[in-house]
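Contents: one structure, followed by commentary.
Number of protein chains: 2
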Amino acid sequence: MSRQNSVPPPTAGLSSDLLLGPVSGTNTFEETVQRLLQTVRLGLIAPGERLPAERDLAAQLGVSRDTLREAIGSLAGAGYLISRRGRYGGTFVSDVLPSPPVVAAETPAGAPHPSITAEEIDDVLTLRDILEVGAARTAAGRVLSPPERELLWSSLVAAADAGADEYRRVDSRLHLYIGELAGSPSLVPLLADVRMRLNELLDAIPLLMPNIAHSNKQHEQIVIAILTGRPAAAAEAMREHLGGTALLLRGFLE
Amino acid sequence: MSRQNSVPPPTAGLSSDLLLGPVSGTNTFEETVQRLLQTVRLGLIAPGERLPAERDLAAQLGVSRDTLREAIGSLAGAGYLISRRGRYGGTFVSDVLPSPPVVAAETPAGAPHPSITAEEIDDVLTLRDILEVGAARTAAGRVLSPPERELLWSSLVAAADAGADEYRRVDSRLHLYIGELAGSPSLVPLLADVRMRLNELLDAIPLLMPNIAHSNKQHEQIVIAILTGRPAAAAEAMREHLGGTALLLRGFLE
DNA sequence: GTGAATGGTGCGGTGTATATACCTTTGAAG
DNA sequence: CTTCAAAGGTATATACACCGCACCATTCAC
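Order-wise, the sequence lines are chains B and U. Residue numbering for the first sequence follows UniProt numbering, starting at 1 and increasing by one per position. Residue numbering for the second sequence follows UniProt numbering, starting at 1 and increasing by one per position.
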């Protein structure tokens, strides 16, 4: 043990045992599960809709059908997916999604929160701020094709029209699509990841209608700023929007 | 079953077969190699310095010693690491790092670029802009401890004093440390990844002294803005700084 | 009833990762 | 000069994740 013994080396002491972190240990299986979960939880495929056939999906994901099936099975067991066989069968997203395992916001006996620490909250909110504000700014700085513009607008409308039950999902989609408009393919999975983490936190607090209304108004400002090509305005609007959620979360959880 | 299928589903056609992308297929072994490579290429451990003992490092990384050794062996073969046995031995970073396999910037026969496409360049630069500008802004918005402030400043000085041979490495460290000051642990690996991708591109173009001098000046502006707590100024300075590199890259490679 | 598309099942092969134990080298301390 | 501790080097056995393939069972349009 004890590392930097002889010389306190000139470069040591900076950060960053980037080393330190445990290597992901990402099973192909677990990663596949996460992918599917994202697809469902972020609303990329709506409740009741069908996934591609197992053989096709496995090919798309670059995974053996066996592994994919294990993943599907595990998610089916959790109530997210339903498989039907036979012609015109397939694997479908549950019509009614299971409410995810809510991490208790209150500690029953004073025990430390199982997985919802203050550091996690800060981490997620900070990262989200960086990613989403940057995405909005970048998207606003690009010239968008007519179909892109229409799709953005319809995503906005969908969010505005959504009921409380589907709001989380539709909202996620809108934010994700803004990220996609930024034009960096690598950005989208990062946004998806941080959004998944955020949703996990949001699941622990109530969803209030006034907040939704407020969010919708902000969404509109963001989208309009993007459509009219004003990066600074888009960034500012997004920052405000995220700030609201951040306040809400910190208020309830910290 | 299935509710809204009558209509060509409202949610389809959006982006994002987030599904589509192939699952990473990340070997523990390859991931370990990447980690070590980052540690060396980004200057987290300087040439000549020692890595933790195999057994310790394996534990830190959450990897079996066997796998770690394979990774070390492969990097030793490539000239990045050197292992010495016996008491006070260990694994060390090569005193002189191998110049990485330069992806030819010119196509010899008109064949398509092996791995350096215009899309990759855009992707990296866009993502970098989002991450680093956001990091600078966030870092400037935090109250920094005295040691943090000193370390930031000394990183700046190190970059200013660096010779052309070590510039890439020291520059990476500075940028990475700014990211660390943003206070989001999850952000750091993302910055490291995008920086690795960027360095791969930079390796394909010459390093000019005037550019270095200019960069140093910009670094100073960024750091000062962070130290004086001016988020907008920090973001703007960082954006300018990155813009320079972006122009350079696009000029040489696109 | 027939055919086609789909999920369900079984099996064997291969490579990767782990765990454990032991050997070898080196240099400082006694 | 001997000893010892700390490091890398080696060997072997085990578990299982992932894959590819072939085949079965179910369902619905026609």
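Even glycine gets a Cβ: it sits at the ideal position worked out from N, Cα and C. All values reported here derive from a predicted model rather than from experimental measurement.
- Message: Any beta carbon of chain U sitting closer than 8 Å to that of residue 40 of chain B?
- Response: no
- Could you tell me the boundaries of the beta strand (DSSP E) in which residue 81 of chain U lies? 81-84
- Message: What residue range does the alpha helix (DSSP H) around residue 133 of chain U cover?
- Response: 118-140
- Item | Neighbour list for residue 195 of chain B in chain U, Cβ cutoff strictly below 7 Å | What residue 195 of chain B touches in chain U: nothing, since even the nearest Cβ is about 11 Å away.
- Using a cut-off of 8 Å between C-beta atoms, extract the partners of residue 229 of chain U located in chain B. Within 8 Å Cβ-Cβ: nothing; residue 229 of chain U doesn't reach chain B, min ~16 Å.
- Query: residue 122 of chain B versus chain U: which residues are under 8 Å apart at the beta carbon?
  - Reply: 183, 184
- Taking the alpha-carbon positions, what's the residue 158 of chain B to residue 170 of chain B distance? 7 Å
- Task: Jot down the residue ranges of each uninterrupted alpha helix (DSSP H) in the stretch 158-191 of chain U, minimum 4 residues, whole runs only, in chain order.
- Result: 164-181
- Got a sec: is the Cβ-Cβ distance from residue 56 of chain B to anything in chain U below 8 Å? no
- Message: Please classify residue 80 of chain B as buried or exposed, where buried requires at least 16 other C-beta atoms within 10 Å of its C-beta.
- Response: buried
- Applying the criterion that 16 or more other CB atoms from any shown protein chain within 10 Å of the CB defines a buried residue, is residue 244 of chain U buried or exposed? exposed
- How many angstroms separate the CA atom of residue 241 of chain B from the CA atom of residue 219 of chain B? 8 Å
- Query: Given residue 226 of chain B, which residues of its chain have a CB within under 6 Å of its CB, disregarding the five upstream and five downstream residues?
  - Reply: 139, 140, 234
- Task: Have a look at residue 45 of chain U and residue 98 of chain B and give me their C-alpha separation to the nearest angstrom.
- Result: 47 Å
- Taking Cβ-Cβ distances shorter than 8 Å, what residues in chain B pair up with residue 82 of chain U? What residue 82 of chain U touches in chain B: nothing, since even the nearest Cβ is about 16 Å away.
- Item | Per-residue contacts from residue 126 of chain U into chain B (C-beta, under 8 Å) | 138, 182, 183, 184, 187
- What residues are listed by DSSP as bridge partners for residue 32 of chain U? Paired residue(s): none; residue 32 of chain U is not in a bridge.
- Task: For residue 129 of chain U, count neighbouring Cβ atoms within 10 angstroms of its own Cβ and tell me buried if that reaches 16, exposed if not.
- Result: buried
- Task: Pull up the DSSP beta-bridge partners for residue 91 of chain B, would you.
- Result: B:83
- Item | Proximity to residue 190 of chain U [Cα-Cα], best of U:177, U:202, U:201 | U:177
- Neighbour flag for residue 66 of chain B against chain U, beta carbons, 8 Å: no
- Query: Considering only C-alpha positions, which residue in the set U:200, U:61, U:146, U:84 is nearest to residue 249 of chain U?
  - Reply: U:200
- Assign residue 175 of chain U to buried or exposed, taking buried as 16 or more other Cβ atoms, counted over all protein chains shown, within 10 Å of its Cβ. buried
- Item | Residue from B:156, B:35, B:192 with nearest C-alpha to residue 124 of chain B | B:192
- Message: Suppose you measure from the CA of residue 89 of chain U to the CA of residue 36 of chain U; what does that come to, to the nearest Å?
- Response: 18 Å
- Closest by CA to residue 22 of chain U, which one among B:29, B:91, B:194, B:120? B:29
- Query: Excluding five sequence neighbours on each side, which residues of the same chain lie with their C-beta closer than 7 Å to the C-beta of residue 58 of chain U?
  - Reply: 64, 65, 68
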